[in-house]
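Beneath this line is the structure, given in C-alpha cells, with notes to follow.
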Amino acid sequence: MSGITPSQYSSYHSKVARSRATSEPAWIRYALTTIALSFLALFLFVPLAAVFTEALRKGFDTYITALIDPDALSAVKLTFIAALIAVPLNLVFGVAAAWAIAKFEFKGKSILITLIDLPFAVSPVIAGLIYVLIFGLQGWFGSALVDNDIKVIFAIPGIVLATIFVTFPFVARELIPLMQAQGKDEEEAGLVLGASGWQILWRITLPNVKWGLLYGVILTNARAMGEFGAVSVVSGHIRGMTNTLPLHVEILYNEYNYAAAFAVASLLALLALVTLALKTFVEWQVARNASHNEAA
Amino acid sequence: MAKQKNILPGFNLSLGFTIFYLSLIVLIPLSAAFIKTTELSIPEFWEVITAPRVVASYKLTFGASFIAAIINAAFGLLTAWVLVRYPFPGKKFIDALVDLPFALPTAVAGIALTAVYSGNGWIGSWLEPLGIKVAFTPIGVVVALTFIGLPFVVRTVQPVLEDLEAETEEAAASLGANRWQTFSKIIFPAIWPALLTGFALAFARAIGEYGSVIFIAGNMPMVSEITPLIIITKLEQYDYAGATAVAVVMLVISFLLLFAINGLQWWSNRQRIAAR
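Going line by line, the protein sequences match chains A and R.
According to the working numbering, the stretch in the first sequence is residues 207 to 502, in order.
According to the working numbering, the stretch in the second sequence is residues 839 to 1114, in order.
Pasting the structure below:
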C-alpha cells in the first residue's frame, strides 16, 4: 500500500466498502443464482418442456390426429363458448364494481371488496358443488328445471356458471386499485363541461385504465379456458357434448392415450405462453406510460 | 372537514349491479352449501367430518399445503432476490415465466408433473435409484402444490425488494455491519410482511387445489387422498349432504384464511408506506 496516497486510499477504500455494502461476493451471487434457477427448472421449465416433448413423442401425424379428432374439436368449441360468455359478463361486473368502489365513499366498502375476493378463496371443487346443490336433480330448482326440460348441471349452462364463478374477481381486482389511484378530477372536469355519465365512462375513465382492463381480461380468459376442478364437477364428462379442453385432456390421460392427452395439453400450454407474453407486453406499456407521464 | 358532495353520476346503478351480480353468482350459491348442511343433525355432521378417511385427507391437504408454502417461501424469496439484484442472461424471459402456474391450466400441470416425476420420467428416474418415489405418493402432492403456489411469494416480495432504498444498506455498512447483519437486521424486517402474505396466499391456494394434484397423487384412501377429492367422491356416490358437510369445513377455513390475508396485506402496505 506504500504507493497509494491517502486521498487515493480513501477513494479506493470507499469503493470497496460500497460494493460490499450493496452486494455480495461474486461466489455467493453465482451460488444463489444457480440455486434459484435450479428450483425454477425443477418445478417450471422441465414440466413445461415435458408437455411438448410428450405431445410429439409419437410423431407429428399422431399429434395432428389428436387435435382434429371430432371430440377434441367439440371440446375446443365448448371452451370458447364458456370463455365468450364468462369474460364479457365479468368485464361488465368489474367495471361497475370498480366505478362504485373507486369513485364513491359508502359504508361497508371494505366488506364488499372482501366479498368480491371470495371466489379466490373457494376451492374449485366447492365452486362446482354449490351449483349442483342449486340446479342439480335434488337441488333447489331441480324439479322445476326437469318439468320445463331445462338442463343446467351436466350441460353447458352449468359449465358457464362454474366458469363465471372461478373467474369472478379478476377484472374487478385489476381495476379497483388503478381507478382509485387515478382519482376523479378528470371525470368531474368532464361533467362540468357537459359530458353525460356514459360519455365520461367511455371517453375518460376506460381509456385511462385500458391496460389494466386488458390485463384483467387476459387473466380472466386464461383461467376461463383452463378451469378444471369446478367444470369437472358440473360437466358430467359427456364426450363431444359437455367436455371442455382440460376435461378432454383428463379423459384421454385416464384412457392411457398419453400422446393425445399431451397433444391437447400442448394447446393449453401454448395458450398459457401467449397469455404470459401479452401480460409482459401490457406491463411494458404501463411502465412506458408511467415514465412518459413523469417526463411530461 | 366538511364532506364534499360527490357530483359523479352512476353510483346507484353501478353499486346496485355489483351487489346484484355478486349475490347471484357468489353469495346465494355459497349460502346453498350452508343451508344444505342443516339437513344433517349436529351428531351426523360431526360423524361425517371426523370420519377417519376424511381426517386423513385433512392431514394430507393441510400438511402438504404447509410444506409446499414453506418451500415456496424459502425459494420464492431467493428467486425474488436473484431477479431484483443479480444480472444474468435471459432474466426478463425467466421473470415472465414465473407466472406460468397462474396461466397454465391445472390439469396440464398435473399430467406434466406426473410425466416428469414418475419412475421413468426425466427427474423421477434420477430420484428413484436414491429410494425417493415422488409420483403417486404424498411427496407428489407436495410437488404439485409447490408448483401452483410458486408465483405468490415471488410476486409479493419482488416489489418490496425493488422499493428498498440503497441508502439504508449503505448506512448499515458504514456503521460496521457485515452483509449478513445488514440482511437480517435491515432487509429481512422490511420484506417480512410481504413474505408472510405470499406464504399465506400460497397456502390458501394449495388447500383448495384439485386439478394438478389428482394426477400425481395416486389418490389412495388414507394415504394420498386430498380433501377436495373426498368431496368429489361423495358427490359421485350421490351423498350430497356428506359432500357439502366436508365442503363447509373447508369453506370456513378458507374464509378465515382470507380475512387473515386481508389483514396481512393491510399490515404489509402500512409497513411499506411507513418505510418511505
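For glycine and all other residues, C-beta sits at the position ideal for the given N, C-alpha and C.
Classify residue i: buried if its beta carbon has 16 or more other beta carbons within 10 angstroms, exposed otherwise.
| i | result |
| --- | --- |
| residue 874 of chain R | buried |
| residue 244 of chain A | exposed |
| residue 427 of chain A | buried |
| residue 154 of chain A | Outside the displayed span of chain A (207 to 502) sits residue 154 of chain A, for which this structure offers no information. |
| residue 421 of chain A | buried |
| residue 445 of chain A | exposed |
| residue 927 of chain R | exposed |
| residue 405 of chain A | exposed |
| residue 1060 of chain R | exposed |
| residue 1094 of chain R | exposed |
| residue 385 of chain A | buried |
| residue 963 of chain R | exposed |
Is there at least one Cβ from chain A nearer than 7 Å to residue i's Cβ?
| i | result |
| --- | --- |
| residue 949 of chain R | yes |
| residue 957 of chain R | no |
| residue 839 of chain R | Model confidence at residue 839 of chain R stands at a pLDDT of 41, short of 50, so the residue's coordinates are unreliable and nothing is read from them. |
| residue 852 of chain R | yes |
| residue 928 of chain R | no |
| residue 1092 of chain R | yes |
| residue 876 of chain R | no |
| residue 985 of chain R | yes |
| residue 943 of chain R | yes |
| residue 801 of chain R | Since the first residue of chain R shown is 839 and the last is 1114, residue 801 of chain R is not available in this structure. |
| residue 849 of chain R | yes |
| residue 1088 of chain R | yes |
| residue 954 of chain R | yes |
| residue 904 of chain R | no |
Using beta-carbon positions only, say whether residue i and residue j come within less than 7 Å of one another.
| i | j | result |
| --- | --- | --- |
| residue 375 of chain A | residue 326 of chain A | yes |
| residue 946 of chain R | residue 474 of chain A | yes |
| residue 849 of chain R | residue 310 of chain A | yes |
| residue 998 of chain R | residue 910 of chain R | no |
| residue 330 of chain A | residue 1076 of chain R | no |
| residue 338 of chain A | residue 950 of chain R | no |
| residue 364 of chain A | residue 440 of chain A | yes |
| residue 431 of chain A | residue 289 of chain A | yes |
| residue 890 of chain R | residue 939 of chain R | no |
| residue 1035 of chain R | residue 984 of chain R | no |
| residue 922 of chain R | residue 1000 of chain R | yes |
| residue 853 of chain R | residue 306 of chain A | yes |
| residue 451 of chain A | residue 285 of chain A | yes |
| residue 1074 of chain R | residue 895 of chain R | no |
| residue 417 of chain A | residue 488 of chain A | yes |
| residue 378 of chain A | residue 303 of chain A | yes |
| residue 959 of chain R | residue 1044 of chain R | no |
| residue 263 of chain A | residue 924 of chain R | no |
Could one say the Cβ of residue i lies closer than 7 Å to chain R's Cβ atoms, at least one of them?
| i | result |
| --- | --- |
| residue 393 of chain A | yes |
| residue 432 of chain A | yes |
| residue 239 of chain A | yes |
| residue 348 of chain A | no |
| residue 409 of chain A | no |
| residue 294 of chain A | no |
| residue 448 of chain A | no |
| residue 329 of chain A | yes |
| residue 250 of chain A | yes |
| residue 492 of chain A | no |
| residue 258 of chain A | no |
| residue 235 of chain A | yes |
| residue 360 of chain A | no |
| residue 452 of chain A | yes |
| residue 201 of chain A | For chain A, the structure presents residues 207 to 502; residue 201 of chain A sits outside this window and is missing. |
| residue 207 of chain A | Residue confidence is low: residue 207 of chain A scores 38 on pLDDT, short of 50, so the model does not pin down where it sits. Its coordinate-derived value is still stated next. No, because no Cβ of chain R sits closer than 7 Å to the Cβ of residue 207 of chain A. |
| residue 253 of chain A | yes |
| residue 286 of chain A | no |
| residue 474 of chain A | yes |
Residue i versus chain C: which residues are under 8 Å apart at the beta carbon?
| i | result |
| --- | --- |
| residue 937 of chain R | Absent from the structure: chain C. Protein chains present are A and R. |
Can you determine whether any heavy atom of the ligand SAH sits closer than 6 Å to the C-beta of residue i, and answer yes or no?
| i | result |
| --- | --- |
| residue 382 of chain A | The ligand SAH is not among the ligands present in this structure, which contains no ligands whatsoever. |
Taking a cut of 8 Å between CB atoms, which residues from the stretch 364-375 of chain A lie near chain R? 367, 370, 371, 374
Note down, in chain order, all residues in the stretch 300-311 of chain A with a beta-carbon under 7 Å from any beta-carbon belonging to chain R. 302, 303, 305, 306, 309, 310
Contact set between the stretch 1050-1075 of chain R and chain A, restricted to residues whose Cβ is under 9 Å from the partner: So the close ones are 1050, 1052, 1053, 1065, 1066, 1067, 1069, 1070, 1073.
Runs of 4 residues minimum, wholly inside the stretch 907-980 of chain R: which ones carry the alpha helix (DSSP H) assignment? 929-935, 938-941, 944-955, 962-965
Segments assigned alpha helix (DSSP H), at least 4 residues, entirely inside the stretch 375-406 of chain A: 376-388, 391-398, 403-406
Complete runs of the alpha helix (DSSP H) confined to the stretch 279-366 of chain A [at least 4 residues]: 315-327, 330-341, 348-353
Residues in the stretch 314-341 of chain A having any Cβ partner in chain R nearer than 9 Å: Look at the stretch 314-341 of chain A: the residues with a C-beta under 9 Å from a C-beta of chain R are 316, 318, 319, 320, 321, 322, 323, 324, 325, 326, 327, 328, 329, 330, 331, 332, 333, 334, 335, 336, 337, 338, 339, 340.
Runs of beta strand (DSSP E) wholly within the stretch 1061-1113 of chain R (minimum 3 residues, chain order): Whole beta strand (DSSP E) segments, 3+ residues: zero.
Can you give, in chain order, each stretch of the alpha helix (DSSP H) that sits fully within the stretch 430-466 of chain A and has at least 4 residues? 435-441, 451-460
For the stretch 1023-1040 of chain R, which residues have a beta carbon sitting closer than 7 Å to at least one beta carbon of chain A? none
In chain order, what residues of the stretch 859-890 of chain R put their CB closer than 9 Å to some CB of chain A? 859, 860, 863, 864, 865, 866, 867, 868, 869, 870, 871, 873, 874
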